[in-house]
Each structure stands twice: as structure tokens, then as C-alpha cells.
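Q: Structure incoming, see below.
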Amino acid sequence: MTRSAEPAVVRLGDPANRVDAQAKVTGAARYGSDPEVARPVFAFLAVSPIARGQITRIDDRQARAVPGVLDILTHENMRGEIRPVKFISDGGYMGSSIMPLSSPKVLHAGQIVAVVLADSFEAARDGAHRLAISYAEETPSPGFDSEGVEVVAGASASKEHQDPKVGDAEAAFAAAPVKIDARYSTPTQHHNPIELFTTTCAWDGDKLTLWESSQNVHSFKNGLAQQLGIAAENVRVISPYIGGAFGSRGSLTQRSALIAVAAKRLGRPVKLVASRDQGFTIASYRAETRHRIRIGADQDGKLQSLSHEGFEVTSRPDPYMVSGTDASTRLYACPNVASSVSIVHADRSTPGFMRAPPEVPYLFPLESAMDELAVALRMDPIELRRVNDTKTEPIKGLPYTSRSLMACFDEGAKAFDWGRRNPQPGSMRDGDWLIGLGCAASMYPTQMGAATARVTLTISGTAKVQTAAHDIGTGAYTVIGMIAAERLGVPLEKVDVQLGDSDLPPAPGAGGSNTTASVCNVVAKACDEIRARIANAAVASQDSNLKAQDPKALRLSGGRLIGPDGDGEELQTAMRRVSNGAIEAYAENAPHGVGPDAIERLYRGSQTLAGGAKLQDRIQFAFGAEFVELRVHRLTREIRCPRVLGAFAAGRIMNMKTASSQLMGGLIWGVSSALFESTEMDRRQARFYNTDLAEYLVPVNADILAAEVIIVPEEDHEVNELGIKGIGELGNVGTNAAVANALFHATGVRIRNLPIRLDQLLGAESI
Ligand code: MOS
């Protein structure tokens, strides 16, 4: 007997192509600004040129005279339609508690001061430019080192904040034979997703639909409902495709409610597409940080003392802080650790999540200082990490669920040919080019949130997965489809994954690299319930050759229900005992550490991510090692990056292709955070000035010639059933330090302030 070939089954880990690739490259994918609404009104924002003061007068006569202008929202004509809603870290939904148009007060440059509404985009823009707004300006405090800022200790700014500490770091530092004491800084950075910040709102009676690229549709839904004083059931948020997020679309901004109010007043849908420069102040950004690191070690390189003091900038009202000491104090074994975080309230917009918010700025100083220690000890920097490797974190002594840091260093070193490195700075040359090789460690918390999903398997062999998770370009559609395909035994192309719509069962926001772990585990659970129902019916039936078996031993594969000895029957036959059309299962999953009310809170758009260093009984992180080759021209001091390589271990990898792409993007970003990205501020006016993609530098292909990713196998069944750690933000942590370390190796010049630019090398003494 010949058997027909089984449909090709994509297995977990396979390098499957993205299921949404074609939709994206053909324009079929609909982004936040793409919905076609009937008779839209176009909105254009007017923003404040001053950073601190009051609006004294608004003359809108010329603006209202522009043909097509319908209305202009200002603080003078808003009637309390928008209620204050708490800031995210106070348990609310807002990325900033600064409420534009609620009063004449201006708290930062680029604050929204008016919304011009017109029949065309051009008329709205023209109207906005013709607004005459007068201000009483006060001298702003731009940030670090300026007069009038308020410095607050992290512990008093937030109840949640803890400063990791163990032993007596001061005394151990004083007694250590080898010491590093250095200060570092990282700059302001903006996400600059290619898709601009847009909002479209349409009312249908009491019901509001918001189309906006979002990393957290359930949170947006609930937050917007609170702002407008309406029931959350009356708000729907739609965001199936996102043109770059990087954290910038993680929390609700104040613009959405303004557009909702405009749409209500005009009785028509309203569409806002903010300009690129406005995106620098109406959404969030990564604030600049400063650090002091002190490390004391013995002659063998073993750390005796580590202290990390961090300083961050935020807005006047909001205590936003990233507190990366949670990670930096736990990377290496050390008996005496101290840490502190302080925030500086200044006259600027509220910062927010951006690409490994805590770890990127806080591992740069630590991993630079470790390189400085290796130099002081005349020790190989990888050997220094090996000497200080640990299986338990040093603060509470909790065990890592798994930790493959040294395996990553070893695999990476082999592929990078680290052995060719002459440790003497400036010793490796190619003509006038000085060659530098540097490395650094990466770590990222393995976090999960409560999640829900609905899975439907039809009798014709197609499946549907519905969950309000998000694919922010990472491949979530693909890996979520893969887990359903594997568990239901149907081909990947027969699985329809629906995400990014608040009408779907809630899932956590796409932040903290949690989506793959949170969502794949709950989807697997729903699929297993479908399989169990089919298997139970088979075992109970008279006509199945699979009867009298343990239903748990039956699995779905290749369109069949299969027993432990390999015999089985067609899935359709097996399904007909349960249903003539489709079998649907809804599942909830609340992972270890999220608390008993996590699912209930998830339905209110409020999530807790558990994991990382926050658990009581264990610690869970993914690790990696990055290697960078730099070339610095001896005379012009031009800096080139011919190669970056990262080796990463993050538990089970769902899809080698999407995972490698994600990690490669991270490496490029890491190099970018060291050599390119920086938002510059005119400190006299507290205004960002390189607010476009010409002046805000990001690397292009010619800037990084080769980027390579190695995935180191790792199994971890403690983190969750599927053993997934998450890789979204792992690739760009530590890479900035690897760049600075390579630069030191090339030139003998240690640069502790990012970004590293040619001008910092011009006056350098040793090169
Ligand atoms: Mo990320 S900055 O947690 O989207």
C-alpha cells in the first residue's frame, strides 16, 4: 500500500519564513495610519517652542480663515472632556501624565498646544502654521548639571524600587589590591520607527474605534476609556501591523484622547499623522544616564567589591526610571555589592521604554569597567568573566534557572577567532588602520505575563489562533502559528493567526521580550485542550482503533490522530466524534510569580511581567557574548566597524530564522547605540534639535560590514513549560561596551561617554 505524502510540517525551531512577509512587501498589511474611514477630518498638531512657562494668548483668526479648517482645539475651548489618568509606574496607563490642552501651562518643548482640524491634511498644516500663540517663557532646566532640577533617590520616587545590596562594598573596595573607579554616560536616544506616530478615531454612537500602532492594545483600550469617562467595552483598539515600535508604542500617549475628542465634536472620523520632528516630543524616548562604577578585585581577578551608582533624567511630574542595577549587580559573583539610582526631574517630556530600557545604559558602564579591570590585571577579558562566572546571583544567592554565559563567550570567541588578538592596545595594524577587538557580556531578564488565547480547529484542517498579542516586526505571527501547527498537527500555512485587536482575548503588551514565552505557552495549552477532546472521544468510541489507550498518549501530527505505537486515523474522522464543524478552545495561563489576580487584571489592561530578578525563589535571565572589530584610522581618526558577532543562549528557539534576524537587528542597534545614535539638546532652550532622520544618525549597510549571530543550544524547563526565554532585546545589550572596548584595544583611548565619535579621538594623547 502506498501512502500519500504527509503535508510538510514545520517543526519548532525550523527556519520558517515569516507568514506575514508577503502581506508586508505587497502593501496588503494595514498599519495604524492606513485605515480607510469615510470622510476623514485631518488633524495637525501645533507644539510649543518653549520648554517652560505659560501660554498667554492664542490668536487663531488667521488659522480659522484657512479654507477647509473646521475647528481648532486649544486649552481655551477644551471642556474637561479628558480626565487625568495615572502614569504607568503609578499603576495607570499613561506614558506621561503631562496633559496638553488641560491648562495654559507648558512643561516641555514640543508639548502639544493646539490641534487643528480640517478637510485636508494640507489645510490642517497650513492652519497650524498660522496660529499665533504668545508665551510667558521661564528659563528651563534642561537636565544634568542645570540649575533648578530636582534630584530624587530612586527609593523615594517609587515604592517598587529597590537598590540591590549585599555585604560591605565600601570596606571591600578600600581593601582590594586592584581597583577601578570610573564614570560613564549614555545619551538621549529616540526610537524613530519608520512608521510615524499616527492616530485615527471614529465614533459609532457610543462606541469608539482607535486605529493606532500599539504594543499594548488592551492597555490602550482601558486607558483611553478612563480618559474619556466611558466604559472599556465601548472602546476597540486595532493594530494588526506595526511599522517599528522599540518601546515607543508601549504606553498610551496623550494624543489619542485628543483625537477621540475631536472626532466626537465634529461627528466625523479624525486622522492624525504627526510629523517626524513632533514624534521626538509627543511620544517617549531613552533619557541620558550617568554612572559611577567602582570595582575592587584580587590579583586573580575575582571581584571583591562592586558598586554601581546610576543617574537618570526625567520630566517634572513623572518618576520614570529604568533602574538597570537590578541586572548589573547580578551578572558576576561578588561578595560585596552596593547600588543606587537617582532621578533628575527637568523641564522635558517624560522618557519611556526603549530597547532593553535598563540593560542597555546600565551594562555599558559595567562591561566597560570589566574591560578596564582586565587591562589593569593584564588578563584576557574573557578569562576575567570566567573567573567571576556564577550559578547563583550574588544578592540573595538565588539560583539561575540556567546560565550559558561562558558557553556564549567560548562559542563566540571561536567563531570570531579571538585567539588572533594581541592584547597590547595599538599593536594590531593594517597600514594606517589600527585594528581593535573587543567583547562584552549581554543579559536580559526572562519575563512572562498572564495571557489568554482562543484556538479553533476546523474539520477541513485549518486552524485559527486569536489573541490580542502584537507582532512589532519580531516574527510573532510566525512563531505563534508554528506552535499551533505543531500541537494541532496541521501545516503552518493552514494556521490563521490574528493579533493586535482589543476584541481578541487579552495578552500582555509586547514589552520586556515576553511575547513568545507568554503567548506560545497559552496557545499550546489551548491546542492541547482541543487534542484532549479529540483523543478522549476516540478512546471512548466504539469505532476507533485508538480506543482503550490513555488519551494523553494520543497526539496530532500530519493531519492524523496518532497513538504511541504509530497507528492512527485521519484527523477528520477523529474530529467528527466531537463536532461537525470546528472545535474551539479558550485558554488562560498565569505564569509563576504573576499573582492570583493576574488574568482578571489582564482583562482590565493591566499586566505584571514576572521573572528576571523579581522572583522569590530563583532568577531567570538569557545571556550572550558580543564581539566587535573596529578599525580606526591613525591620521584621520575615522572609525569603521567591519564586523560584529554575537553568541546567545535563550532556552528554546522557536524559529532559527526569525530569531537570528531579531538578534542581528539587536547587534546592529548595539553598535548604533555606541557609534551613532544621540539626540542633541540645545540646553539654553531645553529643545532637541536633530529631530529628523538626516541628523539623527543610524547605521546603514556600509557602516557595519558583517553582522553574525550564533545561537548556543540551551534547555531550561523551569522558566516555562516550553522552555522559552525570549530574545527580543538580548542582542543589543552590552554591544555598546564591546564597541568601546574594541576602540580601546585599537587606540589605547578609553571613551566612557557615548556616542563615540571621531572628535573624541582628535585630541587623544595615545593613538
Ligand atoms: Mo521593549 S523597550 O520592552 O518594547
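In the working numbering, the protein residues as written are 111 to 877.
By construction, the Cβ of each residue, glycine as well, lies at the ideal position given by its N, Cα and C atoms.
Since the structure is predicted, the reported quantities are computational estimates derived from the model, not experimental observations.
Are there any heavy atoms of ligand 2 lying less than 7 Å away from the beta-carbon of Arg465, as far as the coordinates show?
A: Although ligand 2 was asked about, the structure shown includes only ligand 1 as ligands.
Q: Residue ranges of each beta strand (DSSP E) run of no fewer than 3 residues wholly in the stretch 656-705, ordered along the chain?
A: Listed in chain order, the complete beta strand (DSSP E) runs (minimum 3 residues) inside the stretch 656-705 are 665-667, 670-672, 678-680, 692-699.
Q: Less than 8 Å separating the beta-carbons of Glu305 and Tyr141?
A: yes
Q: From Thr857 to Asn532, what does the alpha carbon distance come to, in whole angstroms?
A: 13 Å
Q: Can at least three beta-carbon pairs, one atom from the stretch 747-766 and one from the stretch 117-132, be found at a separation below 8 Å?
A: yes
Q: Identify every run of the beta strand (DSSP E) within the stretch 403-445, keeping only runs that are complete inside it and at least 3 residues long; order them along the chain.
A: 413-424
Q: The alpha helix (DSSP H) that contains Val589, what's its start and end?
A: Note, Val589: alpha helix (DSSP H), 586-598.
Q: Does Thr136 pass the burial test, meaning 16 or more other C-beta atoms within 10 Å, or should it be called exposed?
A: exposed
Q: Among residues of its own chain, excluding the 5 on either side of Leu785, which ones have a beta-carbon nearer than 8 Å to its beta-carbon?
A: Ile749, Cys751, Pro809, Asp813, Val849, Pro865, Ile866, Arg867
Q: Determine contact between the stretch 505-514 and the stretch 717-731, defined as no fewer than three beta-carbon pairs at a distance below 8 Å.
A: yes
Q: Residues in its own chain within less than 6 Å of Cys311 by CB, not counting five upstream and five downstream?
A: Leu320, Ile369, Ala370, Ala373, Val380
Q: Going by the DSSP bridge assignment, what does Met558 pair with across the sheet?
A: Ala720
Q: To the nearest whole angstrom, what separates the beta carbons of Leu155 and Ala238, a pair I think is in contact under 8 Å?
A: 7 Å
Q: Looking only at C-alpha atoms, which of Ala393, Gly536, Asp613 sits nearest to His855?
A: Gly536
Q: By the 10 Å Cβ neighbour count, where 16 or more other Cβ atoms means buried, how is Leu476 classified, buried or exposed?
A: buried
Q: Sorry if obvious, but does the Cβ on Gln336 come closer than 7 Å to a heavy atom of ligand 1?
A: no
Q: Check whether the Cβ atoms of Leu664 and Leu656 lie closer than 8 Å to each other.
A: Going by beta carbons, Leu664 and Leu656 fall inside the 8 Å limit.
Q: Bridge partners of Leu368, per DSSP?
A: Residue pairing of Leu368 in beta bridges, as defined by DSSP: absent, with no partner found.
Q: Can you tell me where the beta strand (DSSP E) holding Arg750 begins and where it ends?
A: 749-759
Q: Any chance the stretch 254-269 sits against the stretch 211-230, with 3 or more Cβ pairs inside 8 Å?
A: no
Q: Find the nearest neighbour of Arg862 within the set Arg171, His401, Arg240, judged by alpha-carbon distance.
A: His401
Q: CA-CA distance, Leu671 and Gly546?
A: Taking the straight line from one Cα to the other gives about 57 Å.
Q: Mapping the DSSP letters down to three states, classify Tyr203 as helix, strand or coil.
A: coil
Q: Nearest to Arg240 by alpha carbon, out of Leu681, Gln172, Glu680?
A: Gln172
Q: May I ask you to verify whether the stretch 634-645 touches the stretch 691-705, counting CB pairs closer than 8 Å and requiring at least 3?
A: yes
Q: Would the beta-carbon of Glu422 fall within 8 Å of that of Ile392?
A: no
Q: Alpha carbon to alpha carbon, how far is Leu473 from Ala517?
A: 19 Å
Q: Looking at the strands, I want to know which residues DSSP matches up with Gly734.
A: Answer is Ser552, Phe758.
Q: From the DSSP output, read off the bridge partner residues of Lys331.
A: Its beta-bridge partners do not exist; DSSP assigns none.
Q: Is the beta carbon of Asp457 closer than 8 Å to that of Ala224?
A: no
Q: Tell me Asp606's beta-bridge partners as DSSP assigns them.
A: Lys574
Q: In its own chain, which residues sit with a C-beta less than 7 Å from the C-beta of Ser943, not counting the 5 before and 5 after it?
A: Nothing can be reported for residue 943: it is not among the residues displayed for the chain, which extend from 111 to 877.
Q: Compare the Cα-Cα distances from Ile820 to each of Asp520, Asp707, Glu739 and report the closest residue.
A: Asp520
Q: Just to confirm, does Gly621 get its C-beta within under 7 Å of one of the non-hydrogen atoms of ligand 1?
A: yes
Q: Can Ser108 and Asp428 be called in contact, C-beta distance under 8 Å?
A: Limits of the chain in this structure are 111 at one end and 877 at the other, which puts residue 108 out of reach.
Q: Measure the beta-carbon distance from Ala578 to Asp611 and round it to whole angstroms, keeping in mind my assumption that it falls under 8 Å.
A: 6 Å
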